[in-house]
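Asks: Chains as they are written, first to last, in our numbering: chain A, -8 to 337; chain B, -8 to 337.
There are 2 protein chains.
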Amino acid sequence: MKRTELNELGEFGLIKEIQNKTTLYHPDSLKGIGDDAAVIDAGDKVKVVTTDMLLEGVHFDLSYVPIKHLGYKSVIVNISDIAAMNAIPKQITVNIGLSNRFSKEAIDALYEGIFTACEQYKVDLVGGDTTSSRSGLVISITAIGEAKTEEITYRNGAQDKDIVCVTGDLGGAYVGLQILEREKQEYLANPKMQPKLDQYEYVVMRQLKPEARMDIVHEFRDLNIRPTAMIDISDGLASELMHIGRSSGLGVAIFEDKIPVEKAMLETLTSEFEQLSPTTCALNGGEDYELLFTISQQDFEKIKTHKDISFIGYMDKKIEGIKLQTRAEQVVDIQAQGWVHFKEGL
Amino acid sequence: MKRTELNELGEFGLIKEIQNKTTLYHPDSLKGIGDDAAVIDAGDKVKVVTTDMLLEGVHFDLSYVPIKHLGYKSVIVNISDIAAMNAIPKQITVNIGLSNRFSKEAIDALYEGIFTACEQYKVDLVGGDTTSSRSGLVISITAIGEAKTEEITYRNGAQDKDIVCVTGDLGGAYVGLQILEREKQEYLANPKMQPKLDQYEYVVMRQLKPEARMDIVHEFRDLNIRPTAMIDISDGLASELMHIGRSSGLGVAIFEDKIPVEKAMLETLTSEFEQLSPTTCALNGGEDYELLFTISQQDFEKIKTHKDISFIGYMDKKIEGIKLQTRAEQVVDIQAQGWVHFKEGL
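1. Taking only beta carbons into account, state which residues of the region 13 to 32 of chain B come closer than 8 Å to chain A, listed in chain order.
2. Since Thr122/A contacts Met44/B with CB under 8 Å, what's their CB separation in whole angstroms?
3. Look up Leu89/A in the DSSP assignment and say whether it is helix, strand or coil.
4. Helix, strand or coil: how does DSSP classify Asp206/B here?
5. Taking DSSP's pairing of strands, which residues face Gln316/A in a bridge?
6. Determine the extent of the alpha helix (DSSP H) in which Met196/A is found, giving its start and end residues.
7. Taking DSSP as the reference, what is the three-state secondary structure of Tyr55/A?
8. Check this for me: beta carbons of Gly162/B and Val49/B, under 7 Å apart or not?
9. What residue range does the alpha helix (DSSP H) around Gly236/A cover?
10. Which of the three DSSP states, helix, strand or coil, is assigned to Ile132/B?
11. What do you get for Ser268/B, buried or exposed, if any count of 16 or more other CB atoms within 10 angstroms of its CB means buried?
12. Quick one: is Ser387/B near chain A, going by C-beta distance under 7 Å?
13. So which residues of chain B does Ser124/A contact, with C-beta pairs closer than 7 Å?
14. Pull the bridge partners of Cys272/B from the DSSP assignment, please.
15. From what residue to what residue does the beta strand (DSSP E) around Glu123/A run?
16. What whole-angstrom Cβ distance do Val166/B and Val194/B have, given they're in contact under 8 Å?
17. Is the distance from the Cβ of Asp151/B to the Cβ of Lys308/B below 7 Å?
18. For the region 9 to 28 of chain A against the region 64 to 77 of chain A, are there 3 or more C-beta pairs whose distance is under 8 Å?
19. Pick helix, strand or coil for Val252/B, following the three-state DSSP scheme.
20. Any C-beta of chain A sitting closer than 7 Å to the C-beta of Arg212/B?
21. Quick one: give me the first and last residue of the beta strand (DSSP E) that Asp307/A is part of.
22. Across which residues does DSSP place Val49/A in a beta bridge pair?
23. According to DSSP, Lys22/B sits in a beta bridge with which residue or residues?
24. Pop quiz: Leu46/B and Val85/A are said to be a contact at Cβ under 8 Å. What is the actual Cβ separation, rounded to whole angstroms?
25. Should Gly240/B go down as buried or exposed, given a rule of 16 or more other Cβ atoms within 10 Å for buried?
26. From Val155/B to Gly242/B, what does the alpha carbon distance come to, in whole angstroms?
27. Would you say Asn86/A lies against chain B (beta-carbon separation less than 7 Å)?
28. What residue from Asp27/B, Leu61/B, Val323/B and Gly236/B has the CA that sits closest to Met196/B's CA?
29. Nearest chain A C-beta to Tyr129/B closer than 7 Å, yes or no?
30. Going by DSSP, name the residue or residues bridged to Met44/B.
31. Can you list the residues of chain B that Asn77/A reaches, using a CB-CB cut of under 8 Å?
32. Could you name the residues of the same chain whose beta carbon sits closer than 6 Å to that of Gly119/A, not counting the 5 residues immediately before and after it, in chain order?
33. Have a look at Thr14/B, Thr41/B and Asn91/B and flag the residue whose alpha-carbon is nearest the alpha-carbon of Glu(-1)/A.
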């Protein structure tokens, strides 16, 4: 019998295959696989639904991730997907698989993080499943949000000459992960050492306790802006640009000097990881959970002075793929790395 | 620091604690933790949401469960929860964690089972997450259904003197599991042996390929019946009776000779597991995915001749807990075993 290895296919290949085999029987399934969340008709509004699974040893390492932060982050990654649809999160369900390595106190800390996120983002925990696990901790969360039909923002709506915008700063979560991984190795080599994380607090907290940009989603409503396309940055800017570009049938031009990076991250790179360029961290790092979106030129006036939004480029039907104009004014093609767990993790 | 073991608390204890700590911020979260599914307001209808996680080595054993059947069953267990709310399933999301032990062909077979269930029950696969796993296969599914507000049936609505009803027959899935476990042990002792499953087909298929009783949910609509309380039988009749009784604040009287068991199951017990009583299998076996529900006496006329519904007892405010009248006309107290993974699996 034929055996095809999963890494020959990759994550996007597997998702594409599943998508192609899918039949939608109900007209109220307005959008299925292929965006940050599914969209389901609900009378005068729509519900959006997204889900994520986090597995110990693949997505998190409890030797340096406090379990309370893990609970918080596992909710945030789902809320971020709801934000990326320009919708408001309302409910979550939480499935947890636990081995007997975990005490009740550890589970209390996990749920403390989950409840803190619920309170912060006003989300209701309405259901879930707790079960034993023979291996590590498994967390699978589904989030449900709501919006008016006309508010929903898909990946595929970008138009030629739309402006490409990004919230906050990028690459920090990746640099934080490098710090945590290095400290872990040093600790394993010398268990008496005390981790020195204070001076890297900014990047470490970007990794351990990210936020979803619901503030921006609410501002869109206040300013009467509807992004033409939107996605959250979980896999790195390059991968998300590729999704918006391909879905919208357009190329993207990006300027390196416009990509937002935080001073604290640059300092950490300079002092600790000279070999890493901040642009590479922003493009391929992932887990920043900022929003990448496009707006029409007429909406630009409304947000051009916004302190937390950067305008990094534009959509262009004459461009193939993603072109980056470097600080040295060279134009280079950007490849999206995407998701490499199947190769890395196994 | 204090360490409390999870098995001191048990599944129901853990769920109860989580439920007690939960705050609902949104008035449209009509029902949170504590029933077969959450209920969310959606204009002139409601959405119901349920989720289940299946872990290899805890919930299934791929040495005897064909992976296609596993895909099918993982959808069914969620649809069954939607049925138990008297709602119609519409969408599912599917999260899968895979180790590189699995080939693409195995994943295709898993999804073939998932898609077969989707087609059978007219459910749309609208999203999900695929990720690598360092240990075994992890499947986490969320199902969304729909109903009119007044159609929704909770566990807590049973009234004094309501009739307790159950669909289909019980205990078969448990007996099927015993057969499969035994064949596995025999195979491990002698790998050249061929499993002899033909004569046990009924019980084995009850375990491997259960169905959700959507046919009954549709009949309720046709007959204009709304059960006063309903739950699906996933943990065994005793446990589900306890849920309905406690939630409704009533006791339950059950007659052993009314508990439906199938002839093929009795034959398997007689020939293979003399020590097991059919009543014990029905009460504590679980995984039958039949519906347990209560109806008011005036609705009895509408279904009293139904071939696939058994009337096994009645709700009684004068009774404490669950009383079973045996075939020998003794009355015994029934304890619900509930869920024992934490003790068994680890």
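Note that beta-carbon positions come from the ideal geometry of N, C-alpha and C, so glycine has one too.
Replies: Taking the definition as stated:
1. Thr13, Thr14, Leu15, Tyr16, His17, Asp19, Ser20, Lys22, Gly23, Ile24, Ala28, Ala29 and Ile31
2. 6 Å
3. strand
4. helix
5. Phe246/A and Val322/A
6. Glu192 to Leu199
7. coil
8. no
9. Leu228 to Ser239
10. strand
11. exposed
12. Absent from the structure is residue 387/B, since the part of chain B shown begins at -8 and ends at 337.
13. Leu46 and Val49
14. According to DSSP, Cys272/B bridges with nothing at all.
15. The identity of residue 123/A in the sequence shown is Ser, whereas the question assumes Glu. Run containing Ser123/A: Asp115 to Ser123, per the beta strand (DSSP E) assignment.
16. 4 Å
17. yes
18. yes
19. coil
20. no
21. Ile300 to Asp307
22. According to DSSP, which records beta bridges pairwise, Val49/A is partnered with nothing at all.
23. Val30/B
24. About 15 Å separates the two Cβ atoms, so there is no contact after all.
25. exposed
26. 11 Å
27. yes
28. Leu61/B
29. Inspection of the sequence shows that residue 129/B is occupied by Val rather than by Tyr. Output row for Val129/B: interface = yes.
30. Ser131/B
31. Under the 8 Å cutoff, chain B gives no residues; its nearest Cβ is about 17 Å from Asn77/A.
32. Thr84, Val85 and Asn86
33. Asn91/B
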